[in-house]
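Asks: Take 1136 as the starting number for the sequence shown in this note's numbering and just add one per residue.
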Amino acid sequence: MAASTTVDAGAGLRSEFLDVLLSRRRDLQVPLSVEKGTPVKKPMYQKPVRPNEAAAMKSCPRKEVENFKEKLVEENFYLITELGEQGRVPVLLLKLNDPVPKRKPVIVFLHSSYKCKEWLRPLLEAYASRGYISVAIDSRYHGERASNESTYIDALKSAWRHGNTMPFIFDTVWDLIKLGDHLSKRVDVDPHRIGITGESLGGMHAWFTAFVDTRYSVTVPIIGVQGFQWAVDNNKWQARVDSIKPLFEEARIDLGKSEIDTEVVEKVWEKIAPALNSQFDAPYSLPLIAPRPLLLLNGK
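(1) In whole angstroms, give me the CA-to-CA distance for T1307 and A1189.
(2) Spell out a yes or no on whether the segment 1351-1360 and the segment 1374-1384 are touching, meaning 3 or more CB-CB pairs, one atom from each, closer than 8 angstroms.
(3) Buried or exposed for Q1256, going by 16 or more other Cβ atoms inside 10 Å?
(4) Here's the rule I'm using: 16 or more other beta-carbon atoms within 10 Å means buried, otherwise exposed. How should P1183 be labelled?
(5) Who are the near neighbours of V1155 in its chain, counting only those whose CB is closer than 6 angstroms to its CB and skipping five residues on each side?
(6) In the DSSP assignment, find the beta strand (DSSP E) that holds N1211 and state where it starts and stops.
(7) Going by DSSP, what residue range makes up the beta strand (DSSP E) through D1325?
(8) Alpha carbon to alpha carbon, how far is L1390 from N1202? Give it in angstroms, no decimals.
(9) Count the other C-beta atoms from every protein chain shown that fall within 10 angstroms of the C-beta of L1157, then say buried if there are 16 or more, exposed otherwise.
(10) Since S1264 sits in a beta bridge, which residues does DSSP pair it with?
(11) Given that a residue counts as buried once 16 or more other Cβ atoms are within 10 Å of its Cβ, and exposed if not, what is P1418?
(12) Provide the residue(s) that pair with F1244 in DSSP beta bridges, ordered along the chain.
(13) Apart from the five residues just before and just after G1434, which ones in its own chain have a Cβ nearer than 8 angstroms to its Cβ?
Structure follows, in structure tokens:
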């Protein structure tokens, strides 16, 4: 009986989350389709990449594969997940060209705030060299989905003002559900072995996607899981707020506050990501990833 109750609760919470996603796009839905893309020559970074970050990423070790570059297959394409400019999801996919076609496991990698899918290329190559299909997308208002260095912040401010989009976490989760649709139908993909991981914002995307979409069979959020309400209750929200501070400064002014405080933080979360700090928060959504494997990586 307990197991049945847990399953029912999970289905109910997933349904509630999907309803929130659908609430902002009922008039935007289209059949999923694919458009051919081309490699990005000048990736968009909305903040400078620190040298130590770049060095660490470039150091990702590949497995020794003879003629690796010649055997590497690169696909650049767009998934059309809804109407509008942000409904065009740029995808980068890498894999090795096998003499005998076979279904392979997939790992979806998700970038942190202000970066893009090209940032992840060393990781994609490292896992492709080990026989995986490696996939990355540009999150909403990032990479090819950004027109300038303030695109993401501008989108967050717009969500606060108008409440008609959810650029923080939720809208990208919609895209990742659609990516799951695409991957599970590919003849080169083992649909039972699709993993997802990401760093910071990408880790949050991985967490919420795995919660709502059980086709993602393994999940590894990296510095991406937190209790949003716990942070408010314990005055530990500063680090997350600082990562997108211009949004909170605008909300502070609109609310007539002299400084950002817990009331500002709670009101922003509720406006741009409804129920993020209540029924969809970590204590409720994270356990529903079980019994699928889940590894949380955090640290200072």
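Where is the CB? At the ideal position from N, CA and C, for every residue including glycine.
Replies: The structure says:
(1) Rounded to the nearest whole angstrom, the CA to CA distance from T1307 to A1189 is 25 angstroms.
(2) Counting C-beta pairs with one atom in each stretch, the segment 1351-1360 and the segment 1374-1384 have fewer than three that are closer than 8 angstroms, which means they do not touch.
(3) Per the sequence presented here, residue 1256 reads as Arg, with Gln not at that position. Result: buried.
(4) By the neighbour-count rule (16 or more Cβ atoms within 10 Å), P1183 is not buried but exposed.
(5) Excluding residues within five positions, the ones whose Cβ falls inside 6 angstroms are P1409.
(6) For N1211, the enclosing beta strand (DSSP E) has its first and last residue at L1207 to I1215.
(7) Boundaries of the beta strand (DSSP E) around D1325: V1324 to E1334.
(8) Each residue's CA atom was taken as its position, placing N1202 and L1390 some 60 angstroms apart.
(9) Counting C-beta atoms within 10 angstroms of its own C-beta, L1157 has fewer than 16 neighbours from the protein chains shown and is therefore classed as exposed.
(10) Answer is none; S1264 lacks a bridge partner.
(11) Around the beta carbon of P1418, fewer than 16 other beta carbons lie within 10 angstroms, which makes this residue exposed.
(12) Answer is A1271 and T1332.
(13) Cβ contact annotation for G1434 (same chain, cutoff 8 angstroms, sequence separation greater than five): I1358, in chain order.
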